[in-house]
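Engineer: Quick note on the numbering used here: the sequence shown kicks off at 32 and runs consecutively.
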Amino acid sequence: MAAVIFWIVLIIIIVAIVIRNIRVVQQAKAFVVERLGAYHATWDVGLHFKIPFIERIAKVVSLKEQVADFPPQPVITKDNVTMQIDTVIYFQITDPKLYTYGVENPMLAIENLTATTLRNLIGELELDESLTSRDTINAKMQQLLDEATDPWGIKVNRVELKNIMPPADIQNAMEKQMKAERERREAILRAEGEKRAAILEAEGEKESAILRADAKKQAEILEAEGKAQAILALNEATAEGIKLLNQASPTDPIIQLKALDAFASAANGRATKIIIPSDIQGLAGLATSLKEMMIDPPKEEPKK
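(1) Comparing alpha-carbon positions, which option in A146, I82, I45 lies nearest A99?
(2) Just how far apart, CA to CA, sit A33 and A61?
(3) How big is the Cα-Cα spacing for M196 and D110?
(4) If I follow the unbroken alpha helix (DSSP H) through F37, where does it start and stop?
(5) Roughly how many whole angstroms lie between the Cα atoms of E142 and Q173?
(6) My guess is that F101 and T113 are in contact by the Cβ rule of under 8 Å, so how many angstroms apart are they, rounded?
(7) Taking the beta carbon of F122 as the centre, do at least 16 other beta carbons fall within 10 Å, making it buried, or is it exposed?
(8) Does DSSP put I85 in a helix, in a strand, or in coil?
(9) Give the secondary structure of N203 by DSSP, where H, G and I count as helix, E and B as strand, and everything else as coil.
(10) Over what stretch of residues does the beta strand (DSSP E) that includes E96 continue unbroken?
(11) Between V92 and I201, what straight-line distance do the alpha-carbon atoms span, to the nearest angstrom?
(12) I'd like to check one pair, I168 with T108: are the Cβ atoms closer than 7 Å?
(13) Quick one: give me the first and last residue of the alpha helix (DSSP H) that E157 is part of.
(14) Who are the near neighbours of V89 in its chain, counting only those whose CB is closer than 8 Å to its CB and skipping five residues on each side?
(15) Does the segment 45-60 come close enough to the segment 71-85 to have 3 or more Cβ pairs within less than 8 Å?
(16) Per DSSP, which residues does D117 bridge with? Please list them.
(17) Apart from the five residues on each side of it in sequence, which residues of its chain come closer than 6 Å, Cβ to Cβ, to V134?
(18) Enumerate in chain order the residues of its own chain whose CB-to-CB distance from F37 is below 8 Å, with the five nearest sequence positions on each side excluded.
(19) To which residues of the same chain is R165 closer than 7 Å at the C-beta, ignoring the five residues directly before and after it?
(20) Report, in whole angstroms, the separation of the C-beta atoms of Q58 and V76, which I expect to be a contact under 8 Å.
(21) So, under 8 Å CB-CB, I116 and L144 are touching, yes? Tell me the CB distance rounded to an integer number of Å.
(22) Could you compute how far the alpha carbon of A247 sits from the alpha carbon of A255?
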C-alpha cells in the first residue's frame, strides 16, 4: 500500500513539473532561455518546453515600442544660461539577447546617456538657438542615442524635448521682448492700414475727378453737336426757302413787299436808330396806296 502511494505521489510530482515547464510565448514578447547558466536560445511566439532543473528563463522581453519620460535635467547653454530640460524617448528592443546581456540596467543607462548627450548638444548652442532649434536637437539626439544603444539591442525611434524651462528672470525678459515685438508689429500693421486707406481714398478721388471731367466733356460735346445740328437745319431751311422762291419767279413788287416785311420786323426790335434805304421809302408809298385800296370801297359811277 505504501508503495502504491509513493508511485502516485511521484507521478503527480512529475506531471506537475512537466506542466510547470510548458511555456506559451505571447505575441510581441520573447523569452531568453539559459541552459546551465549560459545563453541557450530566444523563444518566439508559440508553445515551448523547458528542461527542468537544466534550463531557465533568464528574461521576458517586450518587443513593443516603449516610452521613457525622464525628469528634467539641468543644462548650460553656450552663453552660460542654466535651464531645465526634460526629454521623452521612444525606443524598441530589437535583440532580446543583447538587451539581456549587453548592459546591467538598460533604462538607467539610457537615462544617463540621454542627459549627457543633451548637455553636449545644448552646450554648443546659445539660448535663443536652443529655444528655436528643437527639431534639430531632436534629430541629433535620436541619431546619437540610436548609435550608442545599438550594442544593447535597443532601437531609438524618436526623441522629443518635452519642456524647456529657462530661469525666471530670463522668462520675464523674454516676455517683455515678445510684448515689445508684438507692439511693434501692431504699429507697423496700423501704419500700413492707414497708408492703404489714404491710397484708396486718393485713388477714389482721382477716379471721381476723371469721371466728372469725362461727363462734362461729353455734355459739352453733345451741346456743341446740338448747336451744329440746329445751325445746319436753319441753313438748310433758308436754302430750301430761297430755292422755292427762285422756283416761283417772284416779281419786283413782291420782292419789295418782302423787304418791307423784313423792315417791319427790324423796326419791332430794340434798335434806337433805323436807317431806311431810299428804295424802301418809295416802297412805303406803294404799300400805303395798297392799304387804302383795301380799306376804302370803290366809288360808284353816277347813272346817266
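Using N, Cα and C, we set each Cβ at its ideal position, and we do this for glycine too.
Here the structure is a predicted model, which is why all the values come from computation and not from measurement.
Structural biologist: A quick look at the data gives this:
(1) Against the sequence shown, residue 99 aligns to sequence position 68. Comparing Cα positions, the closest option is A146.
(2) By 1-based counting over the sequence shown, the position of residue 33 is 2. By 1-based counting over the sequence shown, the position of residue 61 is 30. C-alpha separation (whole angstroms): 45 Å.
(3) For the purposes of this step, residue 196 is identified with residue 165 of the sequence shown, where counting begins at 1. For the purposes of this step, residue 110 is identified with residue 79 of the sequence shown, where counting begins at 1. Distance between the alpha carbons of M196 and D110: 16 Å.
(4) Your numbering for residue 37 matches position 6 in the sequence shown. Counting along the chain, the alpha helix (DSSP H) containing F37 begins and ends at 33-51.
(5) Within the sequence shown, residue 142 is the residue found at index 111, counting from 1. Within the sequence shown, residue 173 is the residue found at index 142, counting from 1. The straight-line gap from Cα to Cα measures roughly 13 Å.
(6) As a working note, residue 101 is residue 70 in the sequence shown. As a working note, residue 113 is residue 82 in the sequence shown. 18 Å between Cβ atoms; not a contact.
(7) On the sequence shown, position 91 is the one that residue 122 refers to. Buried.
(8) As a first step, residue 85 must be located in the sequence shown, where it is residue number 54. I85 falls in the coil class under three-state DSSP.
(9) Your numbering for residue 203 matches position 172 in the sequence shown. It is helical.
(10) As a working note, residue 96 is residue 65 in the sequence shown. Counting along the chain, the beta strand (DSSP E) containing E96 begins and ends at 96-100.
(11) Counted from its first residue, the sequence shown places residue 92 at position 61. Counted from its first residue, the sequence shown places residue 201 at position 170. Each residue's Cα considered, the two are about 45 Å apart.
(12) As a working note, residue 108 is residue 77 in the sequence shown. As a working note, residue 168 is residue 137 in the sequence shown. Their beta carbons are not under 7 Å apart, which means T108 does not touch I168 by this criterion.
(13) The residue given as residue 157 occupies position 126 in the sequence shown. No alpha helix (DSSP H) holds E157; DSSP gives it neither H nor E.
(14) Here residue 89 is taken as the residue at index 58 of the sequence shown, counted from 1. The amino acid occupying residue 89 in the given sequence is Ala; Val does not appear at that position. Cβ within range, chain order: V63, V64, E65, Y70, T131.
(15) yes
(16) Position 86 of the sequence shown holds residue 117. Paired residue(s): N194.
(17) Your numbering for residue 134 matches position 103 in the sequence shown. So the qualifying residues of the chain are A140, W183.
(18) Along the sequence shown, read from residue 1 onward, the residue named residue 37 stands at position 6. If we look at F37 and ignore the five residues flanking it on each side, it has no Cβ neighbours.
(19) Reading the sequence shown from its first residue, position 134 is the one you call residue 165. If we look at R165 and ignore the five residues flanking it on each side, its Cβ neighbours are L192.
(20) What you label residue 58 is simply residue 27 of the sequence shown in a count that begins at 1. What you label residue 76 is simply residue 45 of the sequence shown in a count that begins at 1. Their Cβ separation, rounded to whole angstroms, is 6 Å, which keeps Q58 and V76 in contact under 8 Å.
(21) Walking along the sequence shown from the start, residue 116 turns up at place 85. Walking along the sequence shown from the start, residue 144 turns up at place 113. At roughly 15 Å, the Cβ-Cβ gap does not stay under 8 Å, so I116 and L144 are not in contact.
(22) Your numbering for residue 247 matches position 216 in the sequence shown. Your numbering for residue 255 matches position 224 in the sequence shown. Note that residue 247 corresponds to Lys in the displayed sequence, not to Ala. The straight-line gap from Cα to Cα measures roughly 12 Å.
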